[in-house]
Amino acid sequence: MSRQYETVIGLEVHVELASKTKIFCGCSTEFGGAPNTHTCPVCTGMPGSLPVLNKQVVEYALAVGLATNCEINQYCKFDRKNYFYPDNPQNYQISQLYLPICHDGFVEIETGAGKKKVGIHEIHMEEDAGKLIHDEWEDCTLVDYNRSGVPLIEIVSEPDMRSAEEVNAYLDKLRLIIQYLGASDCKLQEGSMRADVNLSVREVGAPEFGTRTEMKNLNSFKAISRAIEGERARQIELIEEGKSVIQETRRWDDNKEYSYAMRSKEDAQDYRYFPDPDLVPVVISDEWLDEIRAKQPELRTEKLARYEKDFGIPKYDAEIITSSKKMADMFEATTAICKNPKKVSNWLMVETLRLLGERGQSPEDITFSPENLAKLVDLAESGTINSSVAKEVFEQIFEKDIDPDAYVEEKGLKSVSDEGALKATIEEIIKANPQSVEDYHNGKQKAIGFLVGQTMKATQGKANPGMVNKILKELL
Numbered sequence: 001m002s003r004q005y006e007t008v009i010g011l012e013v014h015v016e017l018a019s020k021t022k023i024f025c026g027c028s029t030e031f032g033g034a035p036n037t038h039t040c041p042v043c044t045g046m047p048g049s050l051p052v053l054n055k056q057v058v059e060y061a062l063a064v065g066l067a068t069n070c071e072i073n074q075y076c077k078f079d080r081k082n083y084f085y086p087d088n089p090q091n092y093q094i095s096q097l098y099l100p101i102c103h104d105g106f107v108e109i110e111t112g113a114g115k116k117k118v119g120i121h122e123i124h125m126e127e128d129a130g131k132l133i134h135d136e137w138e139d140c141t142l143v144d145y146n147r148s149g150v151p152l153i154e155i156v157s158e159p160d161m162r163s164a165e166e167v168n169a170y171l172d173k174l175r176l177i178i179q180y181l182g183a184s185d186c187k188l189q190e191g192s193m194r195a196d197v198n199l200s201v202r203e204v205g206a207p208e209f210g211t212r213t214e215m216k217n218l219n220s221f222k223a224i225s226r227a228i229e230g231e232r233a234r235q236i237e238l239i240e241e242g243k244s245v246i247q248e249t250r251r252w253d254d255n256k257e258y259s260y261a262m263r264s265k266e267d268a269q270d271y272r273y274f275p276d277p278d279l280v281p282v283v284i285s286d287e288w289l290d291e292i293r294a295k296q297p298e299l300r301t302e303k304l305a306r307y308e309k310d311f312g313i314p315k316y317d318a319e320i321i322t323s324s325k326k327m328a329d330m331f332e333a334t335t336a337i338c339k340n341p342k343k344v345s346n347w348l349m350v351e352t353l354r355l356l357g358e359r360g361q362s363p364e365d366i367t368f369s370p371e372n373l374a375k376l377v378d379l380a381e382s383g384t385i386n387s388s389v390a391k392e393v394f395e396q397i398f399e400k401d402i403d404p405d406a407y408v409e410e411k412g413l414k415s416v417s418d419e420g421a422l423k424a425t426i427e428e429i430i431k432a433n434p435q436s437v438e439d440y441h442n443g444k445q446k447a448i449g450f451l452v453g454q455t456m457k458a459t460q461g462k463a464n465p466g467m468v469n470k471i472l473k474e475l476l
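The sequence shown: position 299 = 299 (my numbering), numbered continuously.
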């Protein structure tokens, strides 16, 4: 009988915080500047330069800690993690080992088997390292210190996850909490959210965990799923062959769908951690904590319940709209203007997502205003324009955020709802299509569709379809 294995997974998630400046200096954190332009003596590790803590970083870390049910260390410190690497200019990284700002929290995820709590061991603040660029042509390595000193929080989970599905649900939950708090945009592809996966396997029912490996270089949900499946299979194969799993750090190559060893996993003492002598401890008063607590926004879980109750939209709609803070904000602002939640949700869920998908964009890339979407909803609902014209106008709103009222007026797109004029046109069409008239009288319902189509053609698609149907039936 073949042995059954269980996968045990814990994650270390690094999140770049949305502060405008770095954690210990005034340099910009903006993504994409020319190499080494967002730097100063502090973030390039010049001798004699002194770090000064950015208050906004502490506030973001507290907000995330509170939203993930953590205990807060109201007295916390920074430590130096000493190691040499060319992208680490001081030869140490300022982090928090002994007294992290948050600890012992959890988030609740939805899985196929129902709700599950994933424990959060701790959340600590630290600085990011620079970036090495390997130049194959010149056969050298260049370093860019723009990212050096960008503020991070590292969220360390307990080893509570058992599958790629649970890992993705956990990451998605974290991503939405952090985006709703405005603490980070959590774009995996830009590296503002990165996950390292600690994974081991054990026989089902075994009391002890197996030997774990840590996998780095994962920048999409799909890559994380593939890496988990690949590493699980690799470890099971080793165990089945009677070999042992080595505790090490591995790098996942998503193109080859294979991971390879980077280095054996050091223990904490290799880093010679000690309290940073240049930074005073952080003392978080009750008043400051209460202030942060009072500013916490409505998170996705509360929004979901409120949308169904207050706006009467189906759960399915609410789930799609709240899966992005940008979409949720757009939905609420537009509904406040035109008071038609279901129609607003339809435009966002169908046409907006279709156009974003075609352009390979995400909801965060929406540029149109709620005012113009609300005007479009009103134009379509009042019958001023028909549905095909509404779609055409929406594409213009999506692309250029045009004023739909002015656009419809200028292009002459209003529905032809003048009964007298429509009747004259339809009479002409009936006269020109005796066969269709006969088919209709012989019970062929499709024939009326053909006549409606001919009318729409004759009016350049501007006729009010409901009125066309009504007049046709009367005349026939």
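Just so you know, even glycine gets a beta-carbon here, dropped at the ideal spot from N, CA and C. Note that the structure is a prediction, hence the values are computed from the model and not measured.
Please return the same chain residues whose Cβ sits closer than 8 Å to the Cβ of residue i, not counting the five positions on each side in sequence.
i	result
Ala227	Val197, Met215, Leu218, Trp252, Asp254 and Ser259
Pro207	none
Leu33	The sequence given here places Gly at residue 33; Leu does not occur at that position. Closer than 8 Å at Cβ, skipping near neighbours: Asn146.
Phe221	Asn168, Leu171, Asp172 and Leu188
Leu413	Ile385, Val389, Glu392, Val393, Tyr407 and Lys462
Glu158	Gly10, Val118, Gly119, Ile120 and His121
Asp290	none
Glu428	Ala458
Using the C-alpha atoms, what's the distance from residue j back to residue i?
i	j	result
Gly48	Ile292	34 Å
Lys115	Glu166	10 Å
Glu16	Arg212	26 Å
Glu438	Val452	15 Å
Gln361	Leu53	35 Å
Met46	Tyr83	16 Å
Ile155	His14	6 Å
Asn488	Arg300	Residue 488 lies beyond the stretch modelled for the chain, which goes from 1 to 476, so this question has no answer here.
Thr455	Ala380	20 Å
Glu126	Arg306	36 Å
Glu229	Ile284	42 Å
Thr352	Ile320	12 Å
Phe479	Cys186	Residue 479 is absent from the structure shown; the chain starts at 1 and stops at 476.
Tell me whether residue i sits in a helix, a strand or coil according to DSSP, three-state version.
i	result
Asn219	coil
Glu364	helix
Pro100	coil
Cys479	Coverage of the chain is limited to positions 1 through 476, which leaves residue 479 absent and any answer about it impossible.
Gly357	helix
Glu127	strand
Ile491	It is not possible to answer for residue 491, since the shown part of the chain is limited to 1 through 476.
Asn386	coil
Val13	strand
Asn433	coil
Trp137	coil
With distances taken between CB atoms, is the gap from residue i to residue j smaller than 8 Å?
i	j	result
Tyr316	Lys81	no
Val344	Phe331	yes
Leu99	Tyr75	yes
Leu181	Pro297	yes
Ala61	Gln93	no
Ser19	Pro89	no
Ser244	Ala164	no
Phe450	Asp401	no
Glu190	Phe31	yes
Pro51	Val58	no
Val280	Gln4	no
Pro86	Val143	yes
Ile177	Ala67	yes
Please work out which residues of its chain come closer than 7 Å, Cβ to Cβ, to residue i, disregarding the five sequence neighbours upstream and downstream, and give them in chain order.
i	result
Gly65	Ile72, Ile101, Cys102, Gly105 and Ile123
Ala261	Glu248 and Arg250
Leu376	Ala390, Val393, Phe394, Ile397 and Pro404
Tyr271	Lys81, Asn82 and Tyr83
Ala318	Leu304, Tyr307 and Glu308
Let me check you understand the geometry: is the CB of residue i closer than 7 Å to at least one non-hydrogen atom of the ligand ADP?
i	result
Lys339	In the structure on display, the ligand ADP does not appear, and there are no ligands present to speak of.
So, for residue i: in the same chain, excluding its five sequence neighbours on each side, which residues have a beta-carbon less than 6 Å away from its beta-carbon?
i	result
Cys40	Cys25 and Cys27
Ala374	Thr334, Ile337 and Cys338
Glu108	Lys115 and Lys117
Arg210	Note that residue 210 corresponds to Gly in the displayed sequence, not to Arg. Taken in chain order, the residues that qualify are Ser200, Val201 and Arg202.
Using a Cβ-Cβ cut-off of 8 Å, state whether residue i counts as contacting chain B.
i	result
Glu371	Checking the listed chains, one finds no chain B in this structure; it contains a single protein chain.
**Prompt:** Is the region 22-31 in contact with the region 1-14, if contact means three or more CB pairs nearer than 8 Å?
**Reply:** These segments do not touch.
**Request:** Count the CB pairs spanning the region 136-144 and the region 180-198 that are closer than 8 Å, and state whether there are at least three.
**Result:** No, because fewer than three Cβ pairs between the region 136-144 and the region 180-198 fall closer than 8 Å, the two stretches do not touch.
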